[in-house]
Each structure stands twice: as C-alpha cells, then as structure tokens.
Amino acid sequence: MKTPVLIPRKRQRKIKSMRPLSLGPDGVEFVVEWDEMQPGMSLFVPCVDVQQAVNEVNYVCERLGWTFEYIVRIESSKMGVRFWRIT
Numbered sequence: 045m046k047t048p049v050l051i052p053r054k055r056q057r058k059i060k061s062m063r064p065l066s067l068g069p070d071g072v073e074f075v076v077e078w079d080e081m082q083p084g085m086s087l088f089v090p091c092v093d094v095q096q097a098v099n100e101v102n103y104v105c106e107r108l109g110w111t112f113e114y115i116v117r118i119e120s121s122k123m124g125v126r127f128w129r130i131t
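Going left to right, the sequence shown walks through residues 45 to 131 as this note's numbering numbers them.
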C-alpha cells in the first residue's frame, strides 16, 4: 500500500491562488496525491498553524465526501498534524 506523498513547491503564487486541493497552512504549498489515499491511511502535515491545517484538510475531505481524524503532534522534531482517513 503506497503512502501519500507531500510534495513541497516553491512559493511562486499568492496563497489565495493555490490549487483547491493542495495544502498550505504556513504559506508553503504542499500538493497531496489525494487519489492515492485509501481509508486507514494517514498523512503528516508539518506546520505551526495547526488550526489552518485542520481547516484545509476539512475543506478537502468535505469536497471528497471523506471523514477523518487528526492529532497535533511532533514527529522527527517537526511540529504538525497527523490526519487519518476514516471513510
């Protein structure tokens, strides 16, 4: 089972022009391969603004009809949010 990959992009555009299914809670855009994410898989989003990350993932999951759970944590000395796709 493949793990979804976060691909950081250089910030060449303003935040409001980001693609609708990408994440960018701290101003760095991450493109997530949402079509690869199956129920039970998780995704770690390194960020400081954890509430913005939760809001952005909630927006994507509502558009895709998914439910998710999350926990704020530190992984590999990086603060962020780990999300699990439930359905």
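Virtual Cβ for every residue (Gly too), placed ideally from N, Cα, C.
Since this is a predicted model, take the numbers as computed values, not measurements.
May I ask you to list the residues that DSSP assigns as paired with Tyr114? Phe127
Among Leu67, Asp70, Phe74 and Met85, which residue has its Cα nearest to the Cα of Thr111? Met85
Helix, strand or coil: how does DSSP classify Leu65 here? coil
Mind checking who Val104 pairs with in its DSSP beta bridge? Per DSSP, none; premise fails for Val104.
Unbroken stretches of the beta strand (DSSP E), 3 residues or longer, contained in the region 65 to 92: 74 to 76 and 86 to 90
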